[in-house]
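This report concerns only the one structure given below.
Protein chains in written order, with our numbering: chain F, 2 to 119; chain H, 8 to 495; chain B, 39 to 530.
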């Protein structure tokens, strides 16, 4: 039980990961797909942050009286990954706008039908 | 000029000629002059190379080394010399013929025709002089690809279909089977050099030898051993000079030449005899000889009949290689030359009939011989040589092949050879006889029809005379064949 | 000075040039600037390769932070070779781009197009040069994001959906890679490849490392278009602008192959792959890729799509080389990376030239054009022979090594599959050749002119390279063998 509770952040990571991945695969709406992708990425961010946590560690700022710090590197890494994620989302949404202009729809089935009927 | 340069010239002069031909496409006379001059030069070169070889010169020329230890290298040895002589000399004759034919028949795209023809001859020369299996394979493939547009020359749906079969089978077998065999050979022996006595002996379990040998024999699709023979009749949609030179000389002989070369220099005839690896393969060749002859009898189209006759005759050579006895190899090698001269005569005649009388079906040719005596006379001589009757060159190769079969104790094979000769008589001789003594179906008298253009006639006369000369004077080819078979 | 910062410059120059191009006025200026940048990059890449051919290793510490804490650029023969492919194809593709982009991309977008192109180049070069796995992820995303944008600029609206599909799958792949990297970091506390190759073996027993390896292989496999993760590729290459099809087909998958090689052989050393069924997995995927994609290619009616499926099959060959894991197999993979870049580049350029004149890449539309565009046709023909692997062309060399590697392992199935792939290539290339040369052109159209010189020259440059590297393999095989020794070396 302790093991399960003690790692609750990892369970959350897995839950979010599955949720996000399922959304990407199952949804036909392009915007919802992007949302799912975001959830998926976020779960990975959480994973990194969890890795960086050190038991009884504090914020990694050097100060009097503290010797145990959390590992700052994963946080730095994940800042970069967040930026990448934002860029991906922006590009994805921009593409959706163009698709909407071209097809008049953001539903995958709809778009697929239009392409077939060409 | 040093010998290396001669070898290079023999291969690259036709290639250079091809570019010259392309440049002169606007001036047909100049273009044909280039063809003739190149062909004449190549003939001189191969003859000079032949005399140099007679004098015992060792000639090899290295071009590049694409894979470490596997250079592109050319070497002159008796077997290749024989093939080069045949291809080089007959190119000259065919060029003379082709000019008359192409103009007489008003073919389109003549520039492309002459240029690709020259490239094909260049790669045939490369095949002949290849110093290792990689070089041979390279030239073999260039030959395939460069002849493909020649087969499809007419551009009709039928020509395209034929050309597709042609390319499909030749590329398919060469990449699917032959390349695999080459790679296996390389991974076993660590080299692809042609060496006296072979490079595989002792490196391969005899049980597997047969399989590898089969990969080669069937992989060399140009040898047209059944069941990979379909491309040859399909290729008959090509203009007649193409059929004549490429499908009686260069392409098909490149195939059987490769079989011989692999047998002698990769496996080594002793190794094949010891391992007994050709015991079952030999029946494929035997069956091809008989079946192709039988099919030939059913064909009414003259070129189709000749095509199946070629398939049958090619398997004689393959048979000689598979027997792997000394006499068998000599017979097979000699047959390259003898069959080439005889078969090209037949094709020339077939083309002349097409140009002069516009006839392709044998049943329509009754009585035509009286209008075109020279053409059908040449056809008769060619037929007799193919059948193997004296005094024509074809007798010698059959003679040695027969002795080879006896040496190997293969009495059944000997009877195959004899039966096949009878079949040859049955499907070839009726044609000239019918033409000379028969009558046209509709009883018409051919008063309008004259002999084909003089250059066609000249070519036919040269090759049919050659058939006779080769009976009395086969020495040069015989010496080369003996040299190739190991000189024992 | 330049020599010391060579590797950094190779990434920094296109990166800095990208925003500058975006601000340049419309017209030829953005193109000219991009062209000069790409040529500078090519020069630097050649210089860099020349420095490492003898087996030397350049280690560049970014910002002066010593590895394994700081980011290290670590150049050996492997990545210098791949960087040369990327820079070389970019330098050849750009002269081609001028006319092709003028026709396919609206004028106001051209500066942005070239900006995205430079960013893509930055990303691809960065992936090859960096010695840090997280940095690799960042560069991977730079190249991917810019390529999504580039693909979406194709003139049919389906380019948009193709780009979107690629974006979704590419992001999933990159995130998988990120998960894998995170798990490795959790186990070892390091991100430096060389450092990892020393530290990882101690943890090979751990389940986490196996999971990490699986995530990384799937993630990179998506980028690599490794069968069955290839579904994004045919659409992306079909609808992208011509020059982008050329550039991506010749470089993007090659770089992904490089990442796979690095991950499998450097980060997780060869002993890990031997203890796990990795080899078998790659074998199955490679064989499946070659066969399935080749069959698909035969049935395509769009020339670009046909070539795209052929690319998936060619990736299968490279995967097979990885599966063998032997010196010969890896040599084959590396040589094929180079040769395939040459042949696919030339083929896509030829198709691009046809599209330039016709506006369509349907095979039926090409009927009879071989006579009207003889140079384009000849280029297509020769590059096609190279794709088939006819001797005398570059393609033959890679096939040769690959089959030898299969025979060396007595893997008959793989050897036969490789040759069967060649036979399929005969069939699908001949569909193109026959349409171009032997079918008659529709009567109504006015005569189609040969493609302009600016398209022909780069195309023929690659065609000649195809022939040259079929006869002289000192550069390709020589460097590949040095590179293979580095890849297979055990960590010290």
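Glycine residues also receive a C-beta, built at the ideal position from the N, C-alpha and C atoms.
The structure displayed is predicted, hence computed values, not measured ones.
Residues are counted here when their Cβ sits less than 7 angstroms from a Cβ of chain B; for the segment 31-51 of chain F these are 31, 34, 38, 41, 42, 45, 48 and 49, given in chain order. For residue 119 of chain H, no beta strand (DSSP E) run applies; the uninterrupted alpha helix (DSSP H) run containing it begins and ends at 117-136, by DSSP. Excluding sequence positions up to five before and after residue 389 of chain H, its CB lies within less than 6 angstroms of the CB of 349, 352 and 353, all in the same chain and listed in chain order.
When secondary structure is reduced to three states using DSSP, residue 75 of chain H falls in the coil class, being assigned neither helix nor strand. Interface with chain H (8 angstroms Cβ-Cβ cutoff): residue 472 of chain B is included. For residue 200 of chain H, there is no enclosing beta strand (DSSP E), as DSSP marks it with neither H nor E. Between the segment 64-71 of chain H and the segment 43-52 of chain H there are fewer than three inter-stretch CB-CB distances shorter than 8 angstroms, so the stretches are not counted as touching.
Contact between residue 381 of chain B and residue 432 of chain B holds, with the beta-carbon distance rounding to 7 angstroms and staying under 8 angstroms. In the structure shown, residue 407 of chain B falls within a helical segment according to DSSP collapsed to helix, strand and coil.
Comparing C-alpha distances from residue 133 of chain B to each of B:121, B:308 and B:282 shows the shortest one belongs to B:282. Considering only beta carbons, the part of the segment 98-109 of chain F lying closer than 8 angstroms to chain B consists of 99, 100, 103 and 104, in chain order. Rounded to whole angstroms, the gap between the alpha carbons of residue 103 of chain B and residue 76 of chain B is 29 angstroms. Between the segment 146-161 of chain H and the segment 39-48 of chain H, the count of C-beta pairs closer than 8 angstroms stays below three; the two stretches do not touch. Put simply, the backbone Cα of residue 414 of chain B is about 25 angstroms away from that of residue 271 of chain B.
Against chain H, a Cβ distance below 8 angstroms from residue 438 of chain B picks out 74 and 190. With contacts defined by Cβ atoms closer than 8 angstroms, residue 61 of chain B and residue 520 of chain B do not form a contacting pair. Listed as beta-bridge partners of residue 402 of chain B by DSSP are no residues whatsoever. A Cβ-Cβ separation of about 16 angstroms leaves residue 343 of chain H out of contact with residue 100 of chain H under the 8 angstroms criterion.
For the pair residue 197 of chain B and residue 189 of chain B, the CB atoms are nearer than the 8 angstroms cut-off.
Listed by position along chain F, the residues whose Cβ is nearer than 8 angstroms to that of residue 220 of chain B are 45, 48, 49, 52 and 75. Residue 113 of chain B is bridged by DSSP to B:96. Nearest to residue 129 of chain B by C-alpha distance, out of B:228, B:192, B:302 and B:52, is B:52. Residue range 140-158 is occupied by the alpha helix (DSSP H) that includes residue 146 of chain H. Of all residues in the segment 210-243 of chain H, none is placed with a Cβ closer than 9 angstroms to any Cβ belonging to chain B. The beta carbon of residue 148 of chain H sits closer than 8 angstroms to some beta carbon of chain B. Burial state of residue 113 of chain H is exposed, judged by a 10 Å Cβ sphere holding fewer than 16 other Cβ atoms.
Residue pairing by DSSP puts residue 368 of chain H in a beta bridge opposite H:308. Taking 8 angstroms as the cut-off, the Cβ atoms of residue 387 of chain B and residue 493 of chain B count as close.
Ranked by Cα distance from residue 367 of chain B, the options B:253, B:449 and B:234 are led by B:449.
Residue 233 of chain B is not bridged by DSSP to any residue. Leaving aside the five residues that flank residue 20 of chain F on each side, the residues in its chain whose CB is nearer than 7 angstroms to its CB run, in chain order, 40. Going by beta carbons, residue 174 of chain B and residue 165 of chain B fall inside the 8 angstroms limit. Residue 445 of chain B and residue 190 of chain H have their C-alpha atoms spaced approximately 8 angstroms apart.
Here residue 378 of chain B is buried. Its C-beta has 16 or more other C-beta atoms within 10 Å.
At a Cβ-Cβ threshold of 8 angstroms, residue 341 of chain H and residue 407 of chain H count as neighbours. Within chain B, the residues whose beta carbon sits less than 7 angstroms from that of residue 112 of chain F are 199, listed in sequence order.
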